[in-house]
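Right, one structure below, let's go through it.
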Amino acid sequence: MNRLSVRPGTLALAIYTAAMVTGTTLAASAQIVGQCKTTSALTPVQAHITVTAEPIATQVEKAHEKSDTTAEPLSRVQLERLAANARIYKEKVSPLQAELRLDKRRLMDVLTDESVSVPHAQLLQAKIGLLKSDIRDLQLKKQLADSAIMTPTQRKMLRGQLLRRCSEQHKILALSGKGIQ
-19 MNRLSVRPGT LALAIYTAAM VTGTTLAASA QIVGQCKTTS ALTPVQAHIT VTAEPIATQV
41 EKAHEKSDTT AEPLSRVQLE RLAANARIYK EKVSPLQAEL RLDKRRLMDV LTDESVSVPH
101 AQLLQAKIGL LKSDIRDLQL KKQLADSAIM TPTQRKMLRG QLLRRCSEQH KILALSGKGI
161 Q
């Protein structure tokens, strides 16, 4: 068990450091044991982080045991259908995105003009909301169409890849200090 004393602004970095030093995962490293040692706002607040987790090597071995090795790659026909879905989506969403950017600029112009027109600003804001909703609807339709093309095993594999990508982005945010603190 390792203990670190850190300042609040560096908590995410300390968790990552604790994980690297002990060879554990980030999620297992974020157990905070102690809290504030002083009430003064000027002195740094201390937090003790206790790292209790099994080493990464053991977790990787367990993951390999659970992994599905029968995952089939996408066929040529599936790839063509996915590419067609992507083209159709892009054709439909590109004009909406261009209109959304234009309306956002118009709203900024209205808000920074010498005399602010409240009804015009509200109308533009409502239009922006509708455009965002339309884009989200198109995204969902594309995702549903893509899911219909893939087999359940392929969808499971894709889900795992997306989760890994999200966790990697979370680690990058934590390192940059923009993540959890």
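According to the numbering used here, the sequence shown holds residues -19 to 161 in order. Cβ coordinates follow ideal geometry from the N, Cα and C atoms, glycine included.
Three-state class that DSSP yields for residue i in the structure shown
i	result
residue 140	helix
residue 131	coil
residue 52	coil
residue 156	helix
residue 148	helix
residue 74	helix
residue 89	helix
residue 113	helix
residue 96	coil
residue 44	Bear in mind that the predicted position of residue 44 carries a pLDDT of just 49, short of 50, making it unreliable; the figure below should be weighed with that in mind. Reduced to three states, the DSSP call for residue 44 is helix.
Cβ shell of residue i (< 7 Å), same chain only, five flanking positions each side left out
i	result
residue 72	118
residue 65	122, 125, 126
Rounded straight-line distance, which links the Cα of residue j to that of residue i
i	j	result
residue 125	residue 131	12 Å
residue 146	residue 94	44 Å
residue 91	residue 74	26 Å
residue 128	residue 68	16 Å
residue 56	residue 144	25 Å
residue 88	residue 70	26 Å
residue 148	residue 139	14 Å
Nonlocal neighbours in the same chain, by C-beta distance under 8 Å from residue i, ignoring five residues either side
i	result
residue 97	90
residue 107	83
residue 101	87, 90, 91
Residue i Cβ short of 7 Å to the ligand FMN heavy atom set
i	result
residue 136	Within the structure as shown, the ligand FMN is missing, as the structure has no ligands at all.
Same chain only: Cβ atoms within 6 Å of residue i, ignoring 5 sequence neighbours per side
i	result
residue 76	111, 114, 115
residue 58	129
C-beta neighbour in chain B for residue i, strict 8 Å
i	result
residue 122	This model lacks chain B altogether; it includes just one protein chain.
Any 3 or more C-beta pairs closer than 8 Å across the segment 76 to 88 and the segment 105 to 115: Verdict: yes, contact present.
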